[in-house]
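Enquirer: Protein chains in written order, with the working numbering: chain A, 116 to 228; chain B, 822 to 1823.
I am attaching a structure below and will ask some questions about it afterwards.
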Amino acid sequence: MLTFTCPNCGEAKDETELSAGGEAHLTRFGPGSSDAEFEAYLFERKNPKGVHFERWRCASGCGKWFHAARCTTTNEVFGTYPAQTTEPPKDIIDHIVTRRPGWAFSDWTGEGA
Amino acid sequence: MSTRLATGGRLIDRGTQAEFTFNGKRFKGHGGDTLASAMLANDQMLMGRSFKYHRPRGVVTADGSEPNALMNLGEEGKFEPNARATQTELFDGLKAASQNHFPSLEFDVGAVNAKLSRFLPAGFYYKMFIHPRPFWAHIYEPFIRQSAGLGKAPKARDADRYEHFYAYVDVLIAGGGIAGLQAALTAGASGLDVLVVEQTAHWGGRAVVDGGEIDGKDAEVWVTDTLAALEAMPNVTLRNRCQASGVYDHGYITCYERLRDHTPQEPGPRHRLWRVRARQTVAATGAIERPISFAGNDIPGVMLASAVRDYVVNWAVSPGDRTVVVTNNDDAYRTAIALKGAGLEVPVILDARAGGGGALAEEAKALGIRVETGRGISTVKGGKRVTGVEICAQAGEGSVLETIPCDVVAMSGGWSPVVHLWSHCGGKLIWDDAQAMFKPNPETAPIGADGQGFVVTAGSASGPMGLGEVLVDAHDATVAALGRIGAKSKAQAAQAATPAEAAMEAVWMMPQGAGHKLRSKAWLDFQNDVKVSDVQLAAQEGFESVEHAKRYTTLGMATDQGKLSNINGLAVLAKELGTDIPNVGTTTFRPPYTPISMGSIAGEARGELFQPVRKTPMHDWHDANGAHWEPVGQWRRPYTFLRGDETVEEAVTREVKNTRQALGLLDASTLGKIIVKGPDAGKFLDMMYTNMMSNLKVGRCRYGLMCSENGFLSDDGVVARIDEDTWLCHTTSGGADHVHAHMEEWLQTEWWDWKVYTANVTEQYAQVAVVGPNARRVLEKLGGMDVSAEALSFMGWADGEIGGFKVRAYRISFSGELSYEIAVPAHQGRAFWDTLLDAGEEFGVMPYGTEALHIMRAEKGFIMIGDETDGTVIPQDLGLNWAISKKKDDFIGKRAQERTHMTDPKRWKLVGLETVDGSVIPDGAYAISEGTNANGQKNVQGRVTSTYHSPTLERGIAMGLVLNGPDRMGEVITFPKVGGGSVDAKIVDPVFYDPEGEKQNV
Chain A
116 MLTFTCPNCG EAKDETELSA GGEAHLTRFG PGSSDAEFEA YLFERKNPKG
166 VHFERWRCAS GCGKWFHAAR CTTTNEVFGT YPAQTTEPPK DIIDHIVTRR
216 PGWAFSDWTG EGA
Chain B
822 MSTRLATGGR LIDRGTQAEF TFNGKRFKGH GGDTLASAML ANDQMLMGRS
872 FKYHRPRGVV TADGSEPNAL MNLGEEGKFE PNARATQTEL FDGLKAASQN
922 HFPSLEFDVG AVNAKLSRFL PAGFYYKMFI HPRPFWAHIY EPFIRQSAGL
972 GKAPKARDAD RYEHFYAYVD VLIAGGGIAG LQAALTAGAS GLDVLVVEQT
1022 AHWGGRAVVD GGEIDGKDAE VWVTDTLAAL EAMPNVTLRN RCQASGVYDH
1072 GYITCYERLR DHTPQEPGPR HRLWRVRARQ TVAATGAIER PISFAGNDIP
1122 GVMLASAVRD YVVNWAVSPG DRTVVVTNND DAYRTAIALK GAGLEVPVIL
1172 DARAGGGGAL AEEAKALGIR VETGRGISTV KGGKRVTGVE ICAQAGEGSV
1222 LETIPCDVVA MSGGWSPVVH LWSHCGGKLI WDDAQAMFKP NPETAPIGAD
1272 GQGFVVTAGS ASGPMGLGEV LVDAHDATVA ALGRIGAKSK AQAAQAATPA
1322 EAAMEAVWMM PQGAGHKLRS KAWLDFQNDV KVSDVQLAAQ EGFESVEHAK
1372 RYTTLGMATD QGKLSNINGL AVLAKELGTD IPNVGTTTFR PPYTPISMGS
1422 IAGEARGELF QPVRKTPMHD WHDANGAHWE PVGQWRRPYT FLRGDETVEE
1472 AVTREVKNTR QALGLLDAST LGKIIVKGPD AGKFLDMMYT NMMSNLKVGR
1522 CRYGLMCSEN GFLSDDGVVA RIDEDTWLCH TTSGGADHVH AHMEEWLQTE
1572 WWDWKVYTAN VTEQYAQVAV VGPNARRVLE KLGGMDVSAE ALSFMGWADG
1622 EIGGFKVRAY RISFSGELSY EIAVPAHQGR AFWDTLLDAG EEFGVMPYGT
1672 EALHIMRAEK GFIMIGDETD GTVIPQDLGL NWAISKKKDD FIGKRAQERT
1722 HMTDPKRWKL VGLETVDGSV IPDGAYAISE GTNANGQKNV QGRVTSTYHS
1772 PTLERGIAMG LVLNGPDRMG EVITFPKVGG GSVDAKIVDP VFYDPEGEKQ
1822 NV
């Protein structure tokens, strides 16, 4: 059972005290977007082997959403940070790079470095 | 025969007697006995029947790896199946019964399966029960169900209590043998919080049986002294009868503590499940001895060599007078020496190694024990008990050289580290060729949240088997674990010599050239009756993956999870596939280590504590006045209020008619209430609802629809604008928490710069719907605020006072009648309810329940979330286009509702359905159309979403989603019933009652 520390209340929470919200840093597509854009936003999710960014909610705690950077193969948690951002903060990225040399955020977004 | 020895027995208290029964027969044992040791002391070697062939089986081990000695224990609410006799501590009054036999353990008709064993090969069920297909349901399934399973399922409700216990420690040490105790000394000296758990009642593990000196003391004295030292450390907690049973992500460990199994008459919970978070876990879980595969190795009396000496040393039980020892290593000589020391006969030690053993072999020879090297067992003789062995050359094909009478065979095929806790969460193994074992690869530990390993193995669990090396490994492993969390220990490893032993030699088959006849009598998995020949057949039939071979043969799939059988089985598989054992690999180790009780998993979460019940302030009144309860989410709501002898249907009809004709009261407190406030609240609600909420005027209400981002209708309710920047959103009864979470998700993760605050105030208010033609009269009688049509018009709300209560009154109606929903602070809910009942008496007041509510809303054609919607329905399907704003650029679900499938004119649409004969369409019925689909089923053109008998119209009415429904008014469609027959219904407008809305708007 995973543990994450909520960046809002500072509590280390068990997975059962949290609710999972899937992939982080999605860009919302609304009216005016193409079918392809909207479908990608609604349904297409990354399934990386390795570094991943996820949304979690401190459901049985302070109620706030936060983001976690986690390795999907080892379950190492590189860090958690508030959800009010469109991309991971630099200290999180830096820490991931020290733990996974050669990794870059563009590896995750799929956009060329 | 097996019997109690006159002297000795470290663990038994000869001063206490414990009487117990086995299959109704009365036996006596001592305090400190296990059920297995006490049965052996009473010459009860036959303890069960095997699963498939119903072969007679005796105890093989003295610990948790036992495959055979499984018992039904206790009776009624204390009944438990599949209990291992080896792990069941004896108490006075224990009742045990053997399993899997008919009519009796001694004579079992199912044993005929053994005679047919060549017709029951690996994969028998897959091969036999496939053709012909029509036999599946009525012939094969009952047959398989009859023969499936070992123990009986309990019938009575569990009479015991169970609990969970949460613990947070720095270091968890699993195992209380000398490795675990050394690890505890090392970890304890660091000053960190340490929890040490031992699954048995006793500390010291094997060392206290096998002897040796630690720090210049006898091993048993060292164990006693060490325990005393640990008990004196305030940071160390010791728990026996507590098994670390599972290791999960991020250092979550479950420990299974058996508190009352040995003293069931004492008060308190029976089992306790520890839910531990440990920064580091030290698995000092020891090793398990392996059987050897020779013909007849399952006959009662064939036991593990270590178990034989456990019974002699720990419980003063002689498993038999004459024990033949068969081994491929030096350790089993200890058994021969222990038996000789107890005055028992060891006619021969058969050492499969051509070169024989080391110092222990010399010691055995010096005691006058005959030792034969390069020899093995061709066949064990006997039926319900070993009567002798036929000796052969290990290198040959099994020609019998000599027959030796004996009543016990003590076998040892070497040792396998208990790597389960290491492996549960992903720790990898490496093959140690010298010791023929899989052991943990310290390079690939399970990884914790910090990216470091969080498990180490200590002692034999790591691979070393000698006394001194075990202690050194335990100390070093613990120091490594401490290092990961930045701690140090001043403790030193205890000093002990590691006796020199000759190398073991792997023996996967005895003799090595055994023909098919011997192989088909050589058992690998005793509990599931898997033989060497079965695994070979599986390999020949192409089941090359160890996971496939396991499932095809059922090797290792019994309650013992292959603790004895897996390594031998995969060695046979590897040989048959012509590859090495490491290439075959192991199957997956899954928690728990041994089965744990379902009760311990549930803990306190049973009965009333399973889920808390939410009660409205009026709950007790309802309960005292005939409420027929219905669960709605975690709430309980009255379905109807029963009076006298009336039926539920009669009560509902009465309530509907009375509300339509006089005055009804509904406890609407469960309705969700969410305050949305802030400068951007209007903009936010325009995104949350399909309709416009920002232009709602203060003092007014509007019915709103809420969709998910993929367009489907998820909730509805009336929204009231309280002031310039405050709205109050009503949600469905079950939906408040979900809707609140939905709002917060968007606010926090998408529009976090919008200035909006939400609060779920559902339980702050009691709410009563005052409904019916007399609604206004009763409120006016109570006096206070002006509730006239002019002052408080339909879809308006106002704050004020009624009958002395501070209230907020909403002119909204879910019934089609004149209706006020009146909110008061929760603590005044009951008083307000009582006041309304008193004042309403002259107006014919009656409370009504949820079913009357449902019927009245259906008569009005109002949709109900969960009836008309099921997660695939969009508002447009329900004819609710009027509630979808055309002016707004965006709302949650808008883009999705533009997708091609959502705009497909062939989507089924909401209509009313009026049965031609006045009967009621069954719930969930489908309307059929012409032709059949690819599966030969009738095509469908619609389905019922709500269906009731309408007391008002005195006929069956329904709502349903029908293909092109709104364009087919007046058409009659057919709904078949389950079990035959059908109902014809006319497509009509969904508003059956007062379509002009004259009654509610007065």
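Backbone N, C-alpha and C define an ideal beta-carbon position, used for all residues, glycine too.
1) Output yes if chain A places a C-beta closer than 8 Å to the C-beta of B:Glu1571; else output no.
2) Report yes if the C-beta distance between B:Gln1585 and B:Ala1647 is below 8 Å; otherwise report no.
3) If we call anything under 8 Å between Cβ atoms a contact, is B:Ser1139 one with B:Ala1163?
4) Could you check the C-alpha separation between B:Phe1431 and B:Leu1568 for me, to the nearest Å?
5) Quick one: is B:Tyr961 near chain A, going by C-beta distance under 8 Å?
6) What span of residues does the beta strand (DSSP E) with B:Glu1471 cover, start to end?
7) Would you call the stretch 1348 to 1363 of chain B and the stretch 1224 to 1231 of chain B in contact, with 3 or more CB pairs under 8 Å?
8) Is B:Val1666 near B:Leu1674, with beta carbons less than 8 Å apart?
9) Quick check on B:Leu1708: buried or exposed, where buried means 16 or more other Cβ atoms within 10 Å of its Cβ?
10) In whole angstroms, give me the CA-to-CA distance for B:Pro1816 and B:Met1677.
11) Which residue comes first and which comes last in the beta strand (DSSP E) that contains B:Arg1764?
12) Please work out which residues of its chain come closer than 6 Å, Cβ to Cβ, to B:Asp1824, disregarding the five sequence neighbours upstream and downstream, and give them in chain order.
13) Quick check: is the beta carbon of B:Lys1715 nearer than 8 Å to any beta carbon in chain A?
14) Quick one: which chain A residues come within Cβ less than 7 Å of B:Tyr1073?
15) Since B:Gln1821 contacts B:Ser1609 with CB under 8 Å, what's their CB separation in whole angstroms?
16) Curious, which full-length beta strand (DSSP E) runs of at least 3 residues does the stretch 159 to 214 of chain A contain?
17) Would you please state the rounded distance, in angstroms, between the beta carbons of B:Gly1177 and B:Val1192? I believe it to be under 8 Å.
18) How long is the line joining the alpha carbons of B:Thr1200 and B:Val1210, rounded to whole angstroms?
19) In its own chain, which residues sit with a C-beta less than 7 Å from the C-beta of B:Thr1408, not counting the 5 before and 5 after it?
20) What three-state label does DSSP hand B:Lys1609 in the structure shown?
21) Spatial neighbours of B:Val1812 within its chain, please: CB distance less than 8 Å, with the 5 preceding and 5 following residues excluded, ordered by chain position.
22) So if I threshold CB-CB distances at 9 Å, which residues from the stretch 144 to 156 of chain A count as touching chain B?
23) Apart from the five residues just before and just after B:Leu1701, which ones in its own chain have a Cβ nearer than 7 Å to its Cβ?
24) Any C-beta of chain A within less than 7 Å: which residues of the stretch 1045 to 1078 of chain B qualify?
25) Can you give me, in chain order, the residues of the stretch 1259 to 1273 of chain B that have a beta carbon less than 8 Å from any beta carbon in chain A?
26) CA-CA distance, B:Ile1749 and B:Phe1533?
27) What's the C-alpha gap between A:Ala228 and A:Ser221?
28) Since B:Phe841 and B:Lys916 are thought to touch, with beta carbons under 8 Å apart, how far apart are those beta carbons, to the nearest angstrom?
29) Note down the Cα distance separating B:Ala1287 from B:Pro1320, rounded to an integer number of angstroms.
30) Who are B:Trp1252's beta bridge partners in DSSP?
31) CA-CA distance, B:Ala1806 and B:Pro1797?
32) Of all Cβ atoms in chain B, is any one closer than 8 Å to the Cβ of A:Gly178?
33) Within its chain, find whatever has a CB closer than 6 Å to the CB of B:Tyr1414; leave out the 5 residues flanking it on each side and keep chain order.
34) So, is B:Lys1518 buried or exposed, given that buried needs 16 or more other C-beta atoms within 10 angstroms?
35) DSSP state of B:Met1780, grouped into three classes?
36) Listed from N- to C-terminal order along the chain, which residues in the stretch 181 to 200 of chain A have their beta-carbon within a distance smaller than 7 Å of any beta-carbon of chain B?
Expert: The relevant details are as follows:
1) It does; some Cβ of chain A falls within 8 Å.
2) Their beta carbons are under 8 Å apart, which means B:Gln1585 touches B:Ala1647 by this criterion.
3) Cβ atoms of B:Ser1139 and B:Ala1163: closer than 8 Å.
4) Just so you know, the alpha carbons of B:Phe1431 and B:Leu1568 end up roughly 33 Å apart.
5) Chain A contact via Cβ: absent.
6) First-last for B:Glu1471: 1469 to 1482, but that is the alpha helix (DSSP H), not the beta strand (DSSP E).
7) Short answer: they don't touch.
8) Using a Cβ distance threshold of 8 Å, B:Val1666 and B:Leu1674 do not count as a contacting pair.
9) Here residue 1708 of chain B turns out to be Lys, not Leu, going by the sequence shown. That one is exposed.
10) Inter-residue distance for B:Pro1816 and B:Met1677 is about 13 Å (C-alpha atoms, whole angstroms).
11) Secondary structure note for B:Arg1764: its beta strand (DSSP E) is the uninterrupted segment 1759 to 1771.
12) This structure does not reach residue 1824 of chain B, given that chain B is present from 822 up to 1823, and the question cannot be answered.
13) For B:Lys1715, the answer is yes, since a Cβ of chain A falls inside 8 Å of its Cβ.
14) Under the 7 Å cutoff, chain A gives Met116.
15) Between the beta-carbon of B:Gln1821 and that of B:Ser1609 there is about 15 Å, and that puts the pair past the 8 Å contact cut.
16) The qualifying runs are 166 to 172, 180 to 186, 192 to 197.
17) Cβ-Cβ separation between B:Gly1177 and B:Val1192: approximately 7 Å, consistent with a contact (criterion under 8 Å).
18) Looking at the two C-alpha atoms, the distance is approximately 6 Å.
19) If we look at B:Thr1408 and ignore the five residues flanking it on each side, its Cβ neighbours are Val1367, Glu1368, Lys1371, Gly1377, Asn1387.
20) In the sequence on display, residue 1609 of chain B carries Ser and not Lys. The answer is coil: DSSP assigns B:Ser1609 none of H, G, I, E or B.
21) Contacts found: Lys1681, Gly1682, Gly1733.
22) Listed by position along the chain: Phe144, Gly145, Pro146, Gly147, Ser148, Asp150, Phe153, Glu154, Tyr156.
23) So the list reads Leu1526, once near-sequence residues are dropped.
24) Here the close residues are Tyr1069, Asp1070, His1071, Tyr1073.
25) Residues Ile1268, Gly1269, Ala1270, Asp1271, Gly1272.
26) In this structure, the alpha-carbon of B:Ile1749 lies about 25 Å from that of B:Phe1533.
27) Low per-residue confidence applies at A:Ala228: pLDDT is 49, beneath 50, and the placement is therefore not dependable enough to give any value.
28) Right, the Cβ-Cβ distance comes to about 7 Å (below 8 Å), so this counts as a contact.
29) The sequence shown places Gly at residue 1287 of chain B, not Ala. Pairing B:Gly1287 with B:Pro1320, the inter-Cα distance amounts to about 7 Å.
30) B:Trp1252 pairs with B:Phe1259.
31) Distance between the alpha carbons of B:Ala1806 and B:Pro1797 is about 11 Å.
32) Interface residue (Cβ-Cβ distance to chain B less than 8 Å): A:Gly178 is classified as such.
33) Around B:Tyr1414: Ser1066, His1241.
34) Exposed: under 16 other Cβ atoms inside 10 Å.
35) In the three-state reduction of the DSSP assignment, B:Met1780 falls in the strand class.
36) Listed in sequence order: Thr189, Asn190, Glu191, Val192, Ala198, Gln199.
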